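Okay, so the sequence shown: first residue is 104 according to our numbering, each after it adds one.
Where is the CB? At the ideal position from N, CA and C, for every residue including glycine.
Predicted, not measured: the structure shown is a model, and the values here were computed from it.
Working notes for the structure below.
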Amino acid sequence: MSFSPKSFVPASVPASVRRGAAAVVTAALLVPFAAACGSGDDDGGREKGGGGKDVHLTVLAASSLTDVFATAEKAYEKDHPGTSITVSAAGSQELAAQVKQGAPADVLVTADTKTMDGLKAETGTPTVIAKNRLVIATREGNPERIKGLKDLGDSELKVVLADDTVPVGRYSKQVLDRRHVEVKPVSKEANVRSVLSKVELGEADAGLVYRTDAATAPGKVDAVEIPDAQNAVASYPAATLKGSANGEEAAAFVKWLSTGPAQKILREAGFQKP
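In structure tokens, the structure reads:
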């Protein structure tokens, strides 16, 4: 059934009056329709309480940050309503490849400055947010009684290392070369978590990983400390990505990583001050 605004006005009313009344009724009917149409967001973003839009940030992070960034992500979201974060973790060299290929992301955090420096055209100015050191990860109980780097040169030991293209792989080569230790690894892995996994599963007797990674597997691996004089220091720079659609929010997250709350989370996970 159809209707006309004119039908609301009796026929006995003069035509000029009926036309004016019909116009008023029409306008009144259109008000709620216009309000309903205007309640949506023109560009598809969701509106939050303050009138702004909810923002989703994608953070590309080095594998060794997997666990600590899961905690940092929740803390940031709690303190910044309307902002949600997804952390995509992988080897720093894999992340660099993704950035160069134009993968949609907002923030990059690598496990070395060399990788970040190679992406100057794609990133903002980086800030080092934490540091780390290597340890020798062994099977639980250290059954091979490994005491230091020299022991990794034993040809009867199954040692796994990260590939030389990965920051932890370069750090491993650095500390072994400095001690003149020749290691023939049973495999070279794409990231530090893969090295740790090989040791956890008993597929290797030992591997070089970051101290923080060994700490994520209590009861599964033991960590043999490497003296500072023989060790390498890994630096973790964070930077916004120039291709980000959320530049302001991405910069805010990078800045937050250097604040007290974020640094406390990093310290508790075993990372050192930047």
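Whole-angstrom distance between residue j and residue i, CA atom to CA atom
i: Pro184; j: Ala178; result: 11 Å
i: Glu180; j: Val295; result: 27 Å
i: Ser187; j: Thr218; result: 26 Å
i: Ala214; j: Ala206; result: 19 Å
i: Leu133; j: Glu352; result: In this predicted model, Leu133 has a pLDDT of only 39, less than 50, meaning its place in the structure is not dependable enough to derive any value.
i: Ser347; j: Pro377; result: 25 Å
i: Ala240; j: Asp157; result: 42 Å
i: Thr343; j: Ser258; result: 44 Å
i: Gln201; j: Ala372; result: 27 Å
Exposure label - residue i; buried when at least 16 CB within 10 Å
i: Arg236; result: buried
i: Val336; result: exposed
i: Lys261; result: buried
i: Leu304; result: exposed
i: Pro364; result: exposed
i: Asp244; result: Looking at the sequence provided, one finds Gly at residue 244 rather than Asp. Result: exposed.
i: Glu292; result: buried
i: Ser166; result: buried
i: Pro246; result: exposed
i: Ile175; result: The residue you asked about is not Ile; residue 175 is Ala in the sequence shown. It is buried - the Cβ of Ala175 has at least 16 other Cβ atoms within 10 Å.
i: Arg242; result: buried
Contact under 8 Å by Cβ, residue i with residue j
i: Leu252; j: Ile329; result: yes
i: Lys234; j: Phe374; result: yes
i: Val238; j: Val171; result: no
Identity of the residue in the options nearest residue i by Cα
i: Val210; options: Asn334, Thr161, Ala240 and Glu247; result: Thr161
i: Lys323; options: Gln333, Ala307, Asp331 and Ala332; result: Ala307
i: Ala341; options: Leu255, Tyr313 and Phe356; result: Phe356
i: Ala332; options: Asp182, Leu279, Glu176 and Lys223; result: Leu279
Open item on the list: Would the segment 221 to 232 count as touching the segment 293 to 308 if we require 3 or more Cβ pairs under 8 Å?
Closed with: By the Cβ criterion, the segment 221 to 232 is not in contact with the segment 293 to 308, since fewer than three pairs of Cβ atoms, one from each stretch, lie closer than 8 Å.
Task: Cβ contact check for the segment 268 to 283 and the segment 184 to 204: 3 or more pairs under 8 Å - done: yes
Open item on the list: Using a Cβ distance threshold of 8 Å, determine whether the segment 351 to 360 contacts the segment 277 to 291, with at least three qualifying pairs required.
Closed with: With the cut-off at 8 Å, the segment 351 to 360 and the segment 277 to 291 do not touch.
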